[in-house]
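Counting in this note's numbering, the sequence shown runs from 13 upward without gaps. The C-beta atom is built at its ideal place from N, Cα and C for all residues, glycine as well. Note that this is a predicted model, so its numbers are computed, not measured. See structure below.
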Amino acid sequence: MPPKRSFTDDYTGGPNQSPTSSNFLPPKRRKTYTGGANDWRRPSASSTRDAWWAVSEAEWERMAPAMKMNWTHVGRIMETEEGEPAPEACEQCRDAGDPHGCWVYSREAMRRYGFKTHVCARCRATANVCSLNPFFRNSVGLRDNRPPPERPPPHDSPYHHPPPSESRHRFPSPGPPEHHRYRSVTPPSERHGRGWPQSPTAKRHSFDDRERYPPPPASERHIFPSPGPPHHHHHHQRRLSPTPPSPHHHPHHHRSHLSQSDLQPLPGPGGAPPPPHPNDPSSAGGIPPPHPHSAPPLLSLDSLAARLEVLEQQMDALRKDNVYIHEENNILRWRLADLEAPLQAQAQAAASSAAAAAAAATLTTAGAEVGEQDDDAADRKPVMTTTNTTTQPPPPQPQQQPQQQRSSASSRAIETLVMEESMASSLREQEQHEHEQQAETDRRRHDAAAEEEERQRRRRAEEEEEEEERERERAEERARREQDEAEHERHRLQVAAELEALRDESAELGRKVGELEKGHGVTQQILRNMYYALD
């Protein structure tokens, strides 16, 4: 069996391969055998029945393009009525200096042959223009009247650009649309090395986006893109992944916890709040703001789950910071009490000594006043008394200093008492608040327990109702099954009775048939005897 041959086997080989030389193509190497099961390349139209117009339409649709072109008059346009002068000569005819002799198939003929026949008959340029060569250079050919392939609707994303073939004419000259390579009508399982292009180096590789922009490795994939111009990010790198930024690797997060003032954005130089940092978890709950020229990203379940996970991690961090600050406040409160204890003891001792000194001074001043009253009663001179009182010399200086000390000590004691009272009242308020909180917690726990008990009771009641319903359904199913079995049994008995009656009837009929056969045999014998007697 000869090997399979491709369509361009006729045009390969030979000393001169230049299509622009004086004889454009070498003579064809045709098959040396004719006829046979393998003669699919050059069917001989010996009669009208074998001509191309006698092929059925279904068979014509199944034909490979090479088969169609060889079955029809490709290369012999000048001999038929299907050609017309080309409006623009092909490159081969122009290079050969005969631009007016280029004939091509008419529009009707091209439509008849599926728009695969844009060839020149004068220069025999089929090897460079026909539908088997995807790297043709010189025609608008290889048009197919199929609609463009179905595409999903364009996304509302700034990264989606329609392919250039959609924005221009559907069949741009001089080549086919970018999305269209030569597609044979023959399925690839039956192509046996005849697909084009033949060599693996001739295939022009078209990069897709995943090869042009490979996604980053998993170690570098963050939910927050690094700050920078937007052209550094591709939509494969902007996918939200559930890895929050580490708070230790960024200068904005050198503190272990955020206070309330850190969460408020500082006003910028113009009075407006500055744009939040992309890695700052306080900006919009950790989600980076969209680019001003981009549409909002499409929300999916994965992205929402990733954002929720990040928010939960931030809430856990804030809770831990809260507990830490509470413990730190308690430690500071205990330390303050330890430091104030000796000062309070010293103040109490000073207050007690000042109170004793004040009591002694009160006793001495009371004795002095009693002595002065006795002297005044003995004198009984009112004018002298007023004179004495007005011209009395001031008390000596050493008596005034302990009096000031006593007043300052008493004021310090009063301040200490006021401070102790305020501290005690604040402690009482704090204890009362803690008691209220404990009571509220107990009440909530009690309510939750009661609610849980009510829920359990309701669930048990529902389970009992479901069990009763299932039992009722089982009983109904059992009764229905028994009724069906009784109906089947009654029907079976009825059929058995009918069968028995039919058996009896068939036995009776058999008996009658036997009698009739016996009478028939007797009649035949009588007729035979009569016939022989007549003979």
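Check your understanding: According to the Cβ coordinates, are P99 and W115 closer than 8 Å?
Key -> To locate residue 99, count along the sequence shown from 1; it is residue 87. To locate residue 115, count along the sequence shown from 1; it is residue 103. For P99 and W115, no; Cβs fall outside 8 Å.
Check your understanding: Taking the DSSP output, what are the residues bridged to V525?
Key -> Numbered from 1 along the sequence shown, position 513 holds the residue referred to as residue 525. In DSSP, V525 forms no bridge with anything.
Check your understanding: Among L511, I337, D350 and G95, which has the Cα closest to the Cα of R124?
Key -> Residue mapping note: residue 124 aligns to position 112 of the sequence shown, counting from 1. Nearest of L511, I337, D350 and G95 to R124, Cα basis: G95.
Point to revise | Boundaries of the beta strand (DSSP E) in which E96 is found, first to last residue | key: Stepping through the sequence shown from its first residue, residue 96 is reached at position 84. Segment G95 to P97, the beta strand (DSSP E) holding E96.
Check your understanding: Can the beta-carbon of S601 be found less than 8 Å from the beta-carbon of A371?
Key -> The requested residue 601 does not occur in the structure, where the chain is confined to residues 13 to 547.
Check your understanding: Does the distance from the C-beta atom of T428 to that of A361 stay below 8 Å?
Key -> As a first step, residue 428 is located in the sequence shown; it is residue number 416 there, counting from the start. As a first step, residue 361 is located in the sequence shown; it is residue number 349 there, counting from the start. Against a cut-off of 8 Å, the Cβ pair of A361 and T428 comes out as no contact.
Exercise for review: Please look up how many angstroms separate the CB atoms of A349 and R418, rounded, as I've assumed it's under 8 Å.
Suggested key: Position 337 of the sequence shown holds residue 349. Position 406 of the sequence shown holds residue 418. So it is not a contact: roughly 30 Å between Cβ atoms.
Check your understanding: Taking C-beta to C-beta, are R424 and A359 nearer than 8 Å?
Key -> Taking the sequence shown and counting its residues from 1, one reaches residue 424 at position 412. Taking the sequence shown and counting its residues from 1, one reaches residue 359 at position 347. Yes.
Point to revise | Range covered by the alpha helix (DSSP H) that runs through M75 | key: For the purposes of this step, residue 75 is identified with residue 63 of the sequence shown, where counting begins at 1. No alpha helix (DSSP H) contains M75, which DSSP labels as neither H nor E.
Point to revise | Through-space distance from V525 to A513, alpha-carbon basis | key: By one-based count along the sequence shown, residue 513 stands at place 501. By one-based count along the sequence shown, residue 525 stands at place 513. Each residue's Cα considered, the two are about 18 Å apart.
Check your understanding: Since E120 is in the alpha helix (DSSP H), which residue starts that stretch and which ends it?
Key -> For the purposes of this step, residue 120 is taken as the residue at position 108 of the sequence shown. That run of the alpha helix (DSSP H) goes R119 to R124.
Point to revise | Exposed unless 16 or more other CB atoms sit within 10 angstroms - verdict on A230 | key: Residue mapping note: residue 230 aligns to position 218 of the sequence shown, counting from 1. A230 is exposed by the Cβ-count criterion.
Review point. Just the Cα atoms here: how many angstroms apart are E232 and V335?
Key: In the sequence shown, the residue the question calls residue 232 occupies position 220. In the sequence shown, the residue the question calls residue 335 occupies position 323. Distance between the alpha carbons of E232 and V335 is about 32 Å.
Review point. What's the C-alpha gap between Y543 and L528?
Key: The residue labelled residue 543 in the question sits at position 531 within the sequence shown. The residue labelled residue 528 in the question sits at position 516 within the sequence shown. So the two alpha carbons sit approximately 22 Å from each other.
Exercise for review: Can you tell me which of the three DSSP states V116 falls into?
Suggested key: For the purposes of this step, residue 116 is taken as the residue at position 104 of the sequence shown. Three-state result, V116: strand.
Check your understanding: Is DSSP giving V67 helix, strand or coil here?
Key -> Position 55 of the sequence shown, counting from 1, holds the residue named residue 67. V67: coil per DSSP, three-state reduction.
Check your understanding: Who are the Cβ neighbours of A329 in its own chain at under 7 Å, not counting the five residues just before and after it?
Key -> The count along the sequence shown starts at 1 and reaches residue 329 at position 317. Nothing meets the Cβ criterion.
Point to revise | C-alpha gap between R486 and E494, whole angstroms | key: Along the sequence shown, one-based indexing puts residue 486 at 474. Along the sequence shown, one-based indexing puts residue 494 at 482. Rounded to the nearest angstrom, the two C-alpha atoms are 12 Å apart.
Review point. For D110, which of helix, strand or coil comes out of DSSP?
Key: Position 98 of the sequence shown, counted from the first residue, corresponds to residue 110. Here D110 sits in coil by DSSP.
Practice item. Please state whether DSSP places D547 in a helix, a strand or coil. Key: In the sequence shown, the residue the question calls residue 547 occupies position 535. Correct three-state label for D547: coil.
Practice item. Consult DSSP for E100 and reduce its assignment to one of helix, strand or coil. Key: The residue labelled residue 100 in the question sits at position 88 within the sequence shown. DSSP places E100 in coil when its eight states are reduced to three.
Review point. Can you give the Cα-Cα distance for S68 and M122, rounded to whole angstroms?
Key: Counted from its first residue, the sequence shown places residue 68 at position 56. Counted from its first residue, the sequence shown places residue 122 at position 110. Approximately 18 Å between the Cα atoms of the pair.
**Study point:** C-alpha distance - H112 paired with A101, whole-angstrom precision
**Key:** Here residue 112 corresponds to residue number 100 of the sequence shown, with the count starting at 1. Here residue 101 corresponds to residue number 89 of the sequence shown, with the count starting at 1. Their Cα atoms are separated by approximately 7 Å.
**Study point:** Three-state secondary structure assigned by DSSP to P354
**Key:** The residue labelled residue 354 in the question sits at position 342 within the sequence shown. DSSP places P354 in helix when its eight states are reduced to three.
Exercise for review: Under 7 Å Cβ to Cβ from R502, same chain only, skipping five residues before and after it: list those, please.
Suggested key: Position 490 of the sequence shown, counted from the start, is the residue given in the question as residue 502. Contacts found: none.
Review point. Does DSSP put Y336 in a helix, a strand or coil?
Key: Counted from its first residue, the sequence shown places residue 336 at position 324. Of the three classes helix, strand and coil, the one that applies to Y336 here is helix, per DSSP.
Exercise for review: Buried or exposed for A353, please, with buried defined as at least 16 other CB atoms from any protein chain shown within 10 angstroms of its CB.
Suggested key: Looking up residue 353 in the sequence shown gives position 341. Under this definition A353 is an exposed residue.
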